[in-house]
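K.L.:
2 protein chains.
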Amino acid sequence: MDIQLKRGLLDVCVLAAIQDGESYGYRIIKEMKPYLEMSESTLYTILKRLEGAGMLTVRTAEHDGRLRKYYKITDRGRVRLAEFREEWKEIMTVYRFVVREGNKQ
Amino acid sequence: MDIQLKRGLLDVCVLAAIQDGESYGYRIIKEMKPYLEMSESTLYTILKRLEGAGMLTVRTAEHDGRLRKYYKITDRGRVRLAEFREEWKEIMTVYRFVVREGNKQ
DNA sequence: GCGCAATACATCATATCACGAAGTATTCCG
DNA sequence: CGGAATACTTCGTGATATGATGTATTGCGC
Chain A
0 MDIQLKRGLL
10 DVCVLAAIQD
20 GESYGYRIIK
30 EMKPYLEMSE
40 STLYTILKRL
50 EGAGMLTVRT
60 AEHDGRLRKY
70 YKITDRGRVR
80 LAEFREEWKE
90 IMTVYRFVVR
100 EGNKQ
Chain B
0 MDIQLKRGLL
10 DVCVLAAIQD
20 GESYGYRIIK
30 EMKPYLEMSE
40 STLYTILKRL
50 EGAGMLTVRT
60 AEHDGRLRKY
70 YKITDRGRVR
80 LAEFREEWKE
90 IMTVYRFVVR
100 EGNKQ
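Those sequence lines, one after another, are chains A and B.
For the first sequence, numbering that gives the first Met the number 0 gives the first residue as 0, with consecutive numbering after it.
For the second sequence, numbering that gives the first Met the number 0 gives the first residue as 0, with consecutive numbering after it.
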């Protein structure tokens, strides 16, 4: 998929991946893979950005002798998801402009 | 609108603005304004990028004593628009992942 | 028990890109 | 005469996705 098109989706996608309950980096990537592929370095960059923006909180816990970071969505994160739904309406008007009439289909 | 979300739309939007016939920078901006606002510096950057990618051709002509650059979409540009329609299907699966069930609506 | 894949996270350098700011130059209207 | 509109250009900056690379552990096959 076009890199540029992904950009706006990446952040909300990560938020969406934890909207139903805590998760951790490695699992998020695997969960999102069928929908949107991203490299590990990208994911951890995004997780840090979202944490800085107060959209998720982090908790480090041991699992099988290894440390894992569990990410949990905050109210602010949910607000962001709600905003995204609003923005999507604008996106759809743009989409209709691009694929507008005068073309087959 | 979120800057990131715009990014993937900008290029195809400009192509869409000339898909029914030649146009020029200033007019493209005004035409797109209701759907997607962009600064002049952004537009001219994009026009140059699309020209470099062979998706449009440029022709300079005089109009009322002033020089204007007219942009015309190429076959390659039309292919890009067709690709966008395909990519959009993937985008919609991502969208559904983000706003998936477990939420009202 | 050795090697390798999978798990899990981190850092750095790089390239792309949208945009504000500023500039140049002309036309048109009051 | 002055300012808005038209029309395009250049420069610097900040944001950001990603590949490369590194660290460290667990589990599996042979």
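Note that beta-carbon positions come from the ideal geometry of N, C-alpha and C, so glycine has one too.
This structure is a prediction, so every number in the text was calculated from the model and none was measured.
Under 7 Å Cβ-Cβ, which residues of chain B neighbour residue 78 of chain A?
P.N.:
Under the 7 Å cutoff, chain B gives no residues; its nearest Cβ is about 13 Å from residue 78 of chain A.
K.L.:
Which of the three DSSP states, helix, strand or coil, is assigned to residue 70 of chain A?
P.N.:
In the structure shown, residue 70 of chain A sits in a strand (DSSP, three-state: E or B).
K.L.:
If we ignore side chains and look at the alpha-carbon of each, how far apart do residue 66 of chain A and residue 46 of chain A end up?
P.N.:
Those two C-alpha atoms are separated by around 16 Å.
K.L.:
So is residue 97 of chain B in contact with chain A if we call contact Cβ pairs under 8 Å?
P.N.:
Residue 97 of chain B counts as touching chain A.
K.L.:
Output, in chain order, the set of chain B residues within a Cβ distance shorter than 7 Å of residue 4 of chain A.
P.N.:
Here the neighbours are 7, 86 and 90.
K.L.:
Have a look at residue 73 of chain A and residue 35 of chain A and give me their C-alpha separation to the nearest angstrom.
P.N.:
Using only the alpha carbons, I get a separation of about 23 Å.
K.L.:
Determine the closest residue to residue 77 of chain B out of A:9, A:98 and A:52, with distance taken between C-alpha atoms.
P.N.:
The candidate whose alpha carbon is nearest that of residue 77 of chain B is A:98.
K.L.:
Closer than 7 Å, Cβ to Cβ, to anything on chain A: give me those residues from the region 25-42 of chain B, in chain order.
P.N.:
From the region 25-42 of chain B, only 34 and 35 have a Cβ closer than 7 Å to chain A.
K.L.:
Quick one: is residue 104 of chain A buried, meaning 16 or more other Cβ sit within 10 Å of its Cβ, or exposed?
P.N.:
Because residue 104 of chain A sits at a pLDDT of 46, beneath the cut-off of 50, its placement in the model cannot be relied upon, and the point is left open.
K.L.:
Could you check whether the Cβ of residue 0 of chain A sits closer than 8 Å to any Cβ belonging to chain B?
P.N.:
Yes, its Cβ sits closer than 8 Å to a Cβ of chain B.
K.L.:
Tell me the rounded alpha-carbon separation between residue 101 of chain A and residue 59 of chain B.
P.N.:
For residue 101 of chain A, the predicted structure reports a pLDDT of 49, less than 50, and the residue's modelled location is therefore unreliable. A value from the coordinates is still provided. One C-alpha to the other measures close to 26 Å.
K.L.:
Give a yes or no on whether the minimum CB-CB distance between residue 93 of chain A and chain B is below 8 Å.
P.N.:
So, interface residue.
K.L.:
Need the endpoints of the beta strand (DSSP E) that residue 57 of chain B sits in, please.
P.N.:
Element bounds for residue 57 of chain B: 55-62.
K.L.:
Ordered along the chain, which non-local residues of its own chain (more than five positions away) have a Cβ less than 8 Å from that of residue 30 of chain B?
P.N.:
Once the five neighbours on either side are set aside, the close Cβ partners of residue 30 of chain B are 16 and 22.
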